[in-house]
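S.K.: Each residue of the sequence shown is one higher than the last, beginning at 28 in the working numbering.
Got a structure here, written out as structure tokens. Questions coming.
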Amino acid sequence: MSYGTTQIQNFEAIDKIVTGSADDSIKLSTTASRSAGKVDGGVSNLESGIIGNAITGSLFTALTYSNIEQFNITGSSFDDKLQGANLDDILIGGGGKDTLTGGAGNDSITGVNSQSTTPGKGEIDNITGGTGRDTFILGDVNWIGYDDGNTTSAGNNDYALITDFKPTDDIIQIRGSSSDYLLTVSGSNTNLYINKPGSEPDELIAVINNQTALSLTASYFSYVTNSNLPTISLAVSPSSVTEDGTTNLVYTFTRNGVTTNPLTVNYTVDGTATFSTDYTQTGAATFTSTTGTVNFLAGSSTATVTVDPTADTTVETDETVALTLAAGTGYIIGTTNAVTGTILNDDISVTPIEAFGDTKLVQDTTNKLYAQIGNNNPTAIKIGATQITTNIYPGWQTLAAETVNGANQVLWKYNDGNYLHLWSLDNNWNWQSS
């Protein structure tokens, strides 16, 4: 075996390391290698000590430690098997598919190398806390484990397998807030997923054995956030607009806290309205029928996405556009619920009374009268603030609505006397004179 500048051949055990009652550190600063045989560390009479980095190989008693009070062990990039002692141990598996066992005491167990750009990618770590109040660390302020970064898969090949989680004693630590995650039950186990935006598959990061009634808002889930990260809130104004009107729905994203740097925020798109058919948008960095992003400029505390309804003449129900903030890098979600704006239908179902020329006289199902130019939305015919109806004046019949030489007119007939009467109206089809 080679270790640093030391070489040992044909060994069966490397003597003993004995520590005293004070805090001691035993650091293996490089990785041991072997040309034959097996290399690992064994322990006995455990009470105190810190062991850093890892030695590799199959289980074999290469080192014996005595008088150990507490373990602080970090594994290697290989498949390590680490086991704690009777007090409060710290076990960090590092890379590889590790088997970590805390033993007795209140242990802190991490399966991944948190310094990696993709902590836990490609790993399935088997983690057992043992007795005591153990903390299973799946994430921290600046990282979350077991996300492979593949937006097309659910990450079923990398996760922490927690074998003995006890809701009354243990803690699962993850980054962010409860809205960033989902729980599903599979048989006798519970799967923990990162709640991914839009159509991206949610990412499996842990399987919790023999638990089927867990809650993300319970105290056994500990959420870690960075107080230096800005909090993003979302609101819409006004809450509703007419389909053919000039007013649009404006969704305002606000970041509270640090605004120094540019920031990209993710959101999902939902609602009964269809993007590019029922509305268009401006202001977003990206926008599809299911997901979108918006960019904050450096120093800016707000960003907006404007939804412009598409005018049509189709009679339909009111439609909605719902945006929901989604998890991302560099921010905390403040508004967790969907923010919904409503597009109000302003089209009506009408039947023609007279259809001579380009302007038609039409009525709706309640006998209210309108002028309709071509296939445009009908315009109510009014006298003052009152819309006229088919039988508003006894004995009079409304015959036609026309635009003659640029002037709007309505033709009436008095049935008993059999004579005609003409109204003159303004550009909005309001009565002016007769």
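Just so you know, even glycine gets a beta-carbon here, dropped at the ideal spot from N, CA and C.
All values derive from a computational prediction rather than experimental measurement.
Have a look at Thr347, Thr356, Ser135 and flag the residue whose alpha-carbon is nearest the alpha-carbon of Asn322.
M.R.: If we check each option's Cα against that of Asn322, Thr356 comes out closest.
S.K.: Could you name each continuous beta strand (DSSP E) segment of 3 residues or more that falls completely within the segment 192-269, going from the start of the chain to the end?
M.R.: Segments of the beta strand (DSSP E) lying fully in the segment 192-269: 198-202, 208-213, 216-221, 230-235, 248-251, 258-264, 267-269.
S.K.: What do you reckon, are the CB atoms on Ile198 and Thr162 nearer than 7 angstroms?
M.R.: It is a contact, given that the beta carbons lie within the stated cut-off.
S.K.: As a quick exercise: from Ala353, Thr307, Asp345, Gly433, pick the residue whose alpha carbon is nearest that of Thr333.
M.R.: If we check each option's Cα against that of Thr333, Thr307 comes out closest.
S.K.: Could you have a look at Asn394 and say whether DSSP puts it in helix, strand or coil?
M.R.: Reduced to three states, the DSSP call for Asn394 is coil.
S.K.: From which residue to which residue does the beta strand (DSSP E) around Arg282 run?
M.R.: 276-283 is the extent of the beta strand (DSSP E) around Arg282.
S.K.: When burial is assigned at 16 or more other CB atoms within 10 Å of the CB, is Ala412 buried or exposed?
M.R.: It counts as exposed.
S.K.: Would the segment 376-388 and the segment 419-432 be scored as touching if the rule is three or more Cβ pairs under 8 angstroms?
M.R.: Yes, the segment 376-388 is in contact with the segment 419-432.
S.K.: For the beta strand (DSSP E) that contains Ile408, what are its first and last residues?
M.R.: Unbroken run through Ile408: none, as it is neither H nor E.
S.K.: Please classify Asn237: is it buried, with 16 or more other beta-carbons within 10 angstroms of its beta-carbon, or exposed?
M.R.: Result: exposed.
S.K.: Kindly list the residues whose CB is nearer than 6 angstroms to the CB of Leu407, restricted to its own chain and excluding five residues on each side of it in sequence; keep chain order.
M.R.: Inspection of the sequence shows that residue 407 is occupied by Ala rather than by Leu. For Ala407, where only same-chain residues beyond five positions count, the Cβ hits under 6 angstroms are Tyr397, Gln414.
S.K.: Is Gly368 helix, strand or coil by DSSP?
M.R.: In the structure shown, Gly368 sits in a strand (DSSP, three-state: E or B).
S.K.: Measure the C-alpha to C-alpha separation of Ser316 and Gly214 and round it to an integer number of angstroms.
M.R.: In a straight line, the C-alpha of Ser316 is about 34 angstroms away from that of Gly214.
S.K.: Within this structure, are the beta carbons of Asn153 and Glu270 separated by less than 7 angstroms?
M.R.: Not a contact, by the Cβ cut-off of 7 angstroms.
S.K.: With a threshold of 8 angstroms, are at least 3 pairs of Cβ atoms found where one atom belongs to the segment 249-263 and the other to the segment 163-170?
M.R.: At 8 angstroms Cβ cutoff, the stretches touch.
S.K.: Rounded to whole angstroms, what is the Cα-Cα separation between Glu150 and Ala245?
M.R.: Taking the straight line joining both Cα atoms gives about 27 angstroms.
S.K.: Thr126 to Pro257, Cα distance in whole Å?
M.R.: Cα-Cα distance, rounded: 37 angstroms.
S.K.: Within 10 angstroms of its Cβ, does Val389 collect 16 or more other Cβ (buried), or is it exposed?
M.R.: Buried, since its Cβ has 16 or more Cβ neighbours within 10 Å.
S.K.: Taking Asp443 as the reference, give the member of Thr430, Leu449, Gly422 with the closest Cα.
M.R.: The shortest Cα separation from Asp443 among Thr430, Leu449, Gly422 belongs to Gly422.
S.K.: Go ahead and pull the three-state DSSP assignment for Ile136.
M.R.: DSSP places Ile136 in strand when its eight states are reduced to three.
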